[in-house]
Structure formats: C-alpha cells, structure tokens
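When the letters of the sequence shown are read in order and numbered with the working numbering, they come out as residues 2 to 172.
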Amino acid sequence: MDNGSSFPVWQTKKIEDVLKIASGRDCRHLGEGAIPVFGTGGLMTKVDSFLHDGETVCIGRKGTIDKPMYYKGKIWTVDTLFFTHSFTDVLPKFLFYAFQSINWKEHNEASGVPSLSKNTIKKISFKIPSEKEQRYVVAALDSISQKNEIEKGILTLYQRQQKYFLDNLFI
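(1) Could you say if the region 10-19 and the region 39-58 meet the contact criterion of at least three C-beta pairs nearer than 8 Å?
(2) If you reduce the DSSP assignment to three classes, tell me which class Gly55 lands in.
(3) Measure the alpha-carbon distance for Gly74 versus Tyr98 and round it to whole angstroms.
(4) Just checking, does the region 28-35 make contact with the region 116-136 on the three C-beta pairs under 8 Å criterion?
(5) Report yes if the CB atom of Lys94 is closer than 8 Å to the CB atom of Val139, and no otherwise.
(6) Near Phe83, which residues of its chain fall below 8 Å by C-beta distance, leaving aside the five closest residues on each side in sequence?
(7) If you draw a straight line from the alpha carbon of Tyr137 to that of Leu92, how long is it in whole angstroms?
(8) What residue from Ala111, Lys128, Tyr71 and Val10 has the CA that sits closest to Gly173's CA?
(9) Where in the region 23-49 do unbroken runs of the beta strand (DSSP E), each at least 3 residues long, occur, reported from the N-terminal end onward?
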C-alpha cells in the first residue's frame, strides 16, 4: 500500500494558471426546459439552453461568495455566479474541494453586498498535487461527503421521530 511518500511536493499555482472563469448571464429570454439555472442562492429555474456542458465549479460573484458549488452536466448560471471551465493540471472535483478551503470573504471587494471579480479570483493561489494524488484526495473527500449526506438523512429521521413523540405523547 502506498503511504503517500512517493508523491512530489504540492505546487502553488494561481487560479488563472489552471482554469478559465466565465460569467453567468440573464436567462429570462430562454424557454422552459430541463437545464438547471443557478444563482448564488442555488437552483432558480430550468431552461432550454445551456452556457456550459461538463464539469464546473461555480463561485459567487455577488451575494453568497463563500459557497463553491460543483456541477457536472449542462448548466446555465445567472450573472451573480461565475462558472469555471478549460481546466489544466487540475481535476474539477479537486478544485471544488480546494475552493472550499479558501476564505472567500477575505477577498470581498464590497462594503455592502459581498462581491468578487474575475480578476480577484484569478490571482488567488492554492496548492495542487499531481493528478494521481488529486484523484486520491477526491476519492477520500467524496467518501466523507457521502457519509455526511447519509448521516444528515438519519439525523432528519430522528428529528421527525422526536417531533412525532413530542406531539403525540403529551396529549
């Protein structure tokens, strides 16, 4: 079993060195469809056209700037949400996890509604290992994420059960 000692040191790279950032656009002119439209608040609607098809990591431009989102498939984003594409030397899912470790609020450019620009995002540096090690990291973190989702589901069931007992025991 590999103990990780054979992997080279992680390199520090700027975001602009490993991907391209694109802006979302207004979707009001589009018809209804099956393509999800996301803003910083999450899923907004579904339309009949897409801006990107494939893996992407989205990050807020305005509003919620500290909740990166991974998506795989056809997607449309509105102008409050950037999406990433054209990845070089980085797996999109690894980037998603790396983005979660960045303190995005530290890069906020506004005094009111939190805001980020492409130029600010591009200049942020993060550490990146070899593709092989990225795959290991993604597999480990995906496994933990799946376990977290299962545990959240179990917790919800226990909370419903508790509410049921509280609502019905003391009648």
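Every residue gets a Cβ at the ideal spot worked out from N, C-alpha and C, and that includes glycine.
By the coordinates alone:
(1) Between the region 10-19 and the region 39-58, the count of C-beta pairs closer than 8 Å stays below three; the two stretches do not touch.
(2) Strand, per DSSP.
(3) Taking the straight line from one Cα to the other gives about 18 Å.
(4) Taking 8 Å as the limit for Cβ pairs, the verdict is that the region 116-136 does not touch the region 28-35.
(5) Taking 8 Å as the Cβ cut-off, Lys94 and Val139 qualify as a contacting pair.
(6) Taken in chain order, the residues that qualify are Ile22, Ala23, Ser24, Gly25, Cys59, Ile60, Gly61, Arg62, Leu117, Lys119 and Ile122.
(7) The alpha-carbon atoms of Tyr137 and Leu92 are separated by roughly 11 Å.
(8) The structure shown does not extend to residue 173, since the chain is modelled only from 2 through 172, so no value can be given for it.
(9) Runs of the beta strand (DSSP E) inside the region 23-49: 33-40 and 43-48.
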